[in-house]
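Just so we're aligned: 167 in our numbering is position 154 of the sequence shown, and the numbers increase by one with no gaps anywhere.
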Amino acid sequence: MPNDPNPNGPEPKPGEGDQGEPKNDQGTKPGDQGEPKPGDQGGDELSAERTARTAAEKRAETAEAEATRLRRSNAAQKPGDLDALREEIRTEFTGQLVRAEIRAAAAGRLRDPADALALVDVAGLIGESGDVDTAAVTAALDQLVKDKPYLALAADTASTSPAPWGDVGSGQRGSTEAKDEPATPFDRLRDAYGTAG
């Protein structure tokens, strides 16, 4: 037996199924599959594909290394980032609270409470401990009404009582006082059509 093993298996003994020399054997040898010969057209495409794959693998390794580096640097900076993030959220939330307080305080004093938000310095109304300074909000609105009295709600207009109906197209009436107005829309219709209830 020779030292080199036959890749096609053991050689047949003469006389036992001897089929002679293989002619035009199209068998494959290990490493022969998919390997184009230098003259093939597919060789250029295959080499381009291999080059692209190698480049993509290098880019993937580089990206993974960068991601690992960023994870490590982020882990080292987390405590400081959390404190900064908390402070940013606290500042934003306090600003929202101050704006809500201004709107609430201006609701009964100004024609349009949004004017107070546009004309009052919100940052100056935050107390020392970070909460809303209601006395400062009241003082700021007083100063706004004093400086721009045309923004104030008219003294004769009560914001809580509904406006009188007055003349709504059915002709002049003797009185336009609120006490003479119908209490419900049904009463108004009854009065308009003159039916007794």
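The beta carbon of each residue, even a glycine, is placed where N, CA and C say it ideally should be.
Residue range 147-160 is occupied by the alpha helix (DSSP H) that includes K159. Boundaries of the alpha helix (DSSP H) harbouring D204: 198-206, taken from the DSSP string. By the neighbour-count criterion, in which 16 or more other beta carbons inside 10 Å mark a residue as buried, A153 falls on the buried side. Taking A129 as reference, the option from E114, L202, A68, G143 with the minimal CA-CA separation is E114. It is roughly 12 Å from the alpha-carbon of A78 to the alpha-carbon of E70. The three-state secondary structure of L164, taken from DSSP, is helix. DSSP lists V145 as the beta-bridge partner residues of I139.
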